[in-house]
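Protein chains in written order, with our numbering: chain F, 1 to 290; chain X, 291 to 643.
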Amino acid sequence: MPNLSPFFVTGLAVGAIYALSGVGLVVLYRASGVLNFAYGAIGAVGALLAWQLLQYELPETLAWLAGIGLATLLSLGYGRMVAPHLAYRDTVVKAVATLGFALVLLGFSRWYWSDDPRQFAIPTDTIGVSMLGVRVTVTRMIAFSMTLLITIGVALFLTRTRLGLLMRALANNRDLSALLGIQVLQVETWAWFISGVLAGISGLMLSDLVRLDAIVLTFMVIPAMAAAVVGRLRSLWGTMIGGLLIGVLEAVATPFQVISPYRSVAPFVVAIIVILWLQRRRVITFAGGT
Amino acid sequence: MTSRSLNSDSTTQGESMTRWPVTVASLRSMAGVAIPLILVAIILPGLLSAFWLRALTSSAIFALAAAGVALLYGRLGLVSLAQVALLGVGAWVALRLSHGTDLPFELVLLGGGIVTGLVGLIVGLPALRMRGLYLALITLMAAGGFQVIVGGTGFPDGGSGFLGRVTSASARLLMERPFVAQSDEAYFRYVLVVVAAGFLLVEIHRRTRPGRAWALIRKSEACALSAGVNVTLYQTWAFTLAGFLAGIAGGLLAGSVGQLDGRNFPASSSILLFALTVVGGVYSWLGPAITGLLYRAFPSLLIAWNIDGNLAFIVFGAALLHALITAPAGIAGQLGDVGRWLSSRIGRRGGTR
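Encoded structure:
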């Protein structure tokens with residue numbers, strides 16, 4: 001039995017970012033009914049901009065903020081300009097439309113930045129602390145604690161603030177909320193904003209922890225979605241647990257030769273099992289829907 | 291809901307549904323498809339370079355896979371994001387059968403199709419309980435899983451054992467092509483014939499009992515159930531048929547290239563194929579044909595013109611958004627509109643529509 005703790009720590013950090021992305025997806029899905037497939041691509045474009053600015057030798061903080069800012073703008077842009085055209089369509093059509101946005105962003109970033117290998121590092125990578133006999137870089141600790149704090153923050157925001165209340169109202173019933181005089185578009189815009197910020201942060205962290213590559217980052221949305229599925233696309237805590245679980249499973253399989261090449265199957269297996277489990281008692285209903 | 295209201299409803303979408311599979315009008319429309327196709331099959335291979343012949347062969351193959359996606363999305367409103375993965379399953383089975391047995395190519399193809407149909411059935415089983423978003427997600431997860439597994443095992447290349455892998459690269463075998471179609475030109479014609487047969491299979495389904503059942507299920511499952519339609523049977527049937535088409539396409543692809551790389555079937559391809567199917571149009575056979583060309587010939591065109599292939603993604607993404615927001619029948623629907631407009635112009639010269 002190999003020593004699993006270093007892999008456990010790695011998995012916890014990456015899993016934390018899956019969870020963070022998942023939280024961003026869930027916040028948006030609850031408020032606007034859009035499951036955003038472009039989430040990873042938005043983060044990728046933000047991270048690539050940050051990398052570009054670092055090449056111009058701008059200060060790091062500025063570059064990171066610019067990356068997160070661009071991700072937020074992209075999210076807001078889609079949310080204000082494209083999403084309203086599809087407001088009354090099926091959930092699945094809204095989700096499929098974001099695939100179109102993802103393709104546009106992916107094509108743009110691969111064309112503009114070509115696919116040369118490049119590196120993105122946060123200075124805390126080199127600082128490490130020894131914990132339980134394993135060296136843990138500060139970046140990994142930041143990833144984990146940030147996810148925890150942000151999830152708590154978002155949960156408090158949804159339950160304690162007026163805007164959070166409005167978002168939950170929209171999640172319950174959009175038409176009724178609109179009848180009650182809730183500014184649907186305005187509340188949705190906030191959801192796209194929050195989700196965009198989280199996409200930007202996740203993009204930066206993943207390009208440090210995994211790889212700065214447009215395709216890789218774009219499809220990081222799949223484990224994030226798997227995490228969100230564990231939370232039934234509703235629960236923030238479920239999403240967080242799902243993300244951590246997927247990250248850890250994926251990493252802990254690394255030292256075992258037989259399953260190592262197949263370890264990235266973890267998010268799919270977890271998601272499929274959870275979906276089947278959640279739907280186990282459903283019979284055909286006339287209402288249809290999701 | 292009577293069958294008359296069903297008819298009038300679906301003709302507004304630009305499709306004709308008749309009670310009997312063959313009428314004069316349907317014969318005429320089939321001839322309108324068959325004659326150009328035969329001309330293409332006879333004339334085109336002689337005019338094309340090897341590069342374009344390959345591009346068009348794989349366009350035709352992916353058109354067949356797209357026909358399955360279009361069937362599920364257009365008939366039942368189900369989003370399947372696993373079609374290229376299913377194509378990979380078909381290719382895997384076909385390669386394994388081809389290297390492991392002496393079966394003729396047609397039987398190998400059929401075997402791949404049947405196994406993939408069964409796999410499609412298994413992937414689609416959850417669809418009986420869930421639809422919409424969760425179905426899209428579960429197919430995406432299945433495609434992702436397939437990507438990882440086949441990336442690890444690779445495709446059979448003439449070795450022994452269940453996986454059929456050889457240890458040294460020099461011992462790799464190519465898949466046998468059918469003896470009537472050894473050359474690239476002949477294989478292109480062969481592919482066209484098989485793809486046309488696949489389209490015909492879909493068309494027959496559309497015009498007979500399953501097509502009517504699907505239309506009713508699409509309208510309302512409650513309606514369909516109360517009208518005595520076996521909802522479960524016809525939904526699984528659609529999934530199996532889509533899987534079968536993908537499997538046949540996979541076998542054709544394996545025969546075209548000879549050997550396949552496990553890394554060439556990522557989940558992203560399935561997503562792209564779905565997107566392009568919506569762009570091409572899901573309500574008629576023309577849509578998947580356009581999809582195939584967009585998926586494989588359009589990138590080749592960009593290569594030929596020395597344009598960065600990544601720009602294709604931007605075009606495809608924008609086209610998907612455009613199709614979803616303003617053109618639900620896709621490019622095929624828009625071409626159909628233009629055609630009808632032209633024929634009404636020619637029909638009554640100077641008159642209004």
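For glycine and all other residues, C-beta sits at the position ideal for the given N, C-alpha and C.
- For secondary structure counted as the alpha helix (DSSP H) over 4 or more consecutive residues, the segment 191-218 of chain F holds these complete runs in sequence order: 214-218.
- When the alpha-carbon of tyrosine 18(F) is set against those of Ala171(F), Leu236(F) and Phe193(F), the nearest one is in Leu236(F).
- Nearest Cα to glycine 231(F) within the set Thr254(F), Arg30(F) and Leu86(F): Arg30(F).
- Annotated three-state conformation of serine 130(F) is strand, per DSSP.
- Among the bridge pairs identified by DSSP, threonine 137(F) is matched with Gly128(F).
- Residue environment analysis places histidine 85(F) among the exposed positions, since fewer than 16 neighbouring C-beta atoms fall within 10 angstroms of its C-beta.
- In this structure, DSSP gives arginine 508(X) a helical state, which the three-state scheme calls helix.
- Boundaries of the alpha helix (DSSP H) harbouring arginine 497(X): 474-497, taken from the DSSP string.
- It is roughly 8 Å from the alpha-carbon of isoleucine 580(X) to the alpha-carbon of isoleucine 621(X).
- Following the DSSP letters along the chain, one finds asparagine 600(X) inside the alpha helix (DSSP H) bounded by residues 600-616.
- One Cα belongs to alanine 251(F), the other to arginine 553(X), and the distance between them is close to 21 Å.
- Only residues of its own chain outside the window of five on either side were considered, and among them Leu464 and Met465 have a CB closer than 6 Å to the CB of glycine 548(X), listed in chain order.
- If you draw a 10 Å sphere on the C-beta of glycine 637(X), you find fewer than 16 other C-beta atoms in it, and that means exposed.
- When 7 Å is used as the limit between beta carbons, phenylalanine 606(X) is near these residues of chain F: Leu103, in chain order.
- Think of a sphere of 7 Å around the beta carbon of isoleucine 17(F): no beta carbon from chain X falls inside it, the nearest being about 18 Å out.
- Listed along the chain, the chain X residues whose CB falls inside 7 Å of the CB of glutamine 55(F) amount to none; the nearest CB is some 20 Å away.
- Within the same chain, Cβ atoms closer than 6 Å to the Cβ of isoleucine 122(F) are found at Thr139 and Asp208, the five residues on either side in sequence being excluded.
- DSSP, read as helix, strand or coil, puts arginine 386(X) in helix.
- Between phenylalanine 352(X) and leucine 563(X), the CB-CB gap stays under 8 Å.
- At a cut-off of 8 Å between beta-carbon atoms, tyrosine 424(X) makes contact with chain F.
- With 16 or more neighbouring CB atoms inside 10 Å of its own CB, threonine 72(F) falls in the buried class.
- Take valine 27(F), set aside five residues on each side of it, and the residues of its chain with a beta-carbon closer than 7 Å to its own are Val154, Ala191, Ile194 and Ser195, in chain order.
- Between the segment 593-600 of chain X and the segment 349-365 of chain X, the count of Cβ pairs shorter than 8 Å is below three; the stretches do not touch.
- If you check the CB distance, proline 416(X) and leucine 425(X) come in under 8 Å.
- One Cα belongs to glycine 46(F), the other to glycine 533(X), and the distance between them is close to 38 Å.
- Look at arginine 419(X) here: in three-state DSSP terms it is coil, with no helix or strand label.
- Looking at the DSSP output, arginine 118(F) bridges to Leu212(F).
- Using a Cβ-Cβ cut-off of 8 Å, alanine 199(F) does not count as an interface residue toward chain X, since no Cβ of chain X sits closer than that to its own.
- In the same chain as alanine 169(F), and ignoring 5 residues on each side of it, the C-beta atoms closer than 7 Å to its own belong to Ser177 and Ile182, in chain order.
- Taking the CA atoms as reference points, glycine 380(X) sits about 39 Å from leucine 74(F).
- Secondary structure of tryptophan 51(F) (DSSP, three-state): helix.
- Per the coordinates, the alpha-carbon of isoleucine 42(F) lies some 8 Å from the alpha-carbon of alanine 102(F).
- Under the three-state reduction of DSSP, valine 34(F) is assigned to coil, being neither helix nor strand.
- Taken through DSSP and simplified to helix, strand or coil, glycine 164(F) comes out as helix.
- For the segment 233-264 of chain F, the set of positions with a beta-carbon nearer than 7 Å to some beta-carbon of chain X reads Pro261, Tyr262 and Ser264 in chain order.
- Arginine 160(F) and leucine 233(F) have their alpha carbons spaced roughly 20 Å apart.
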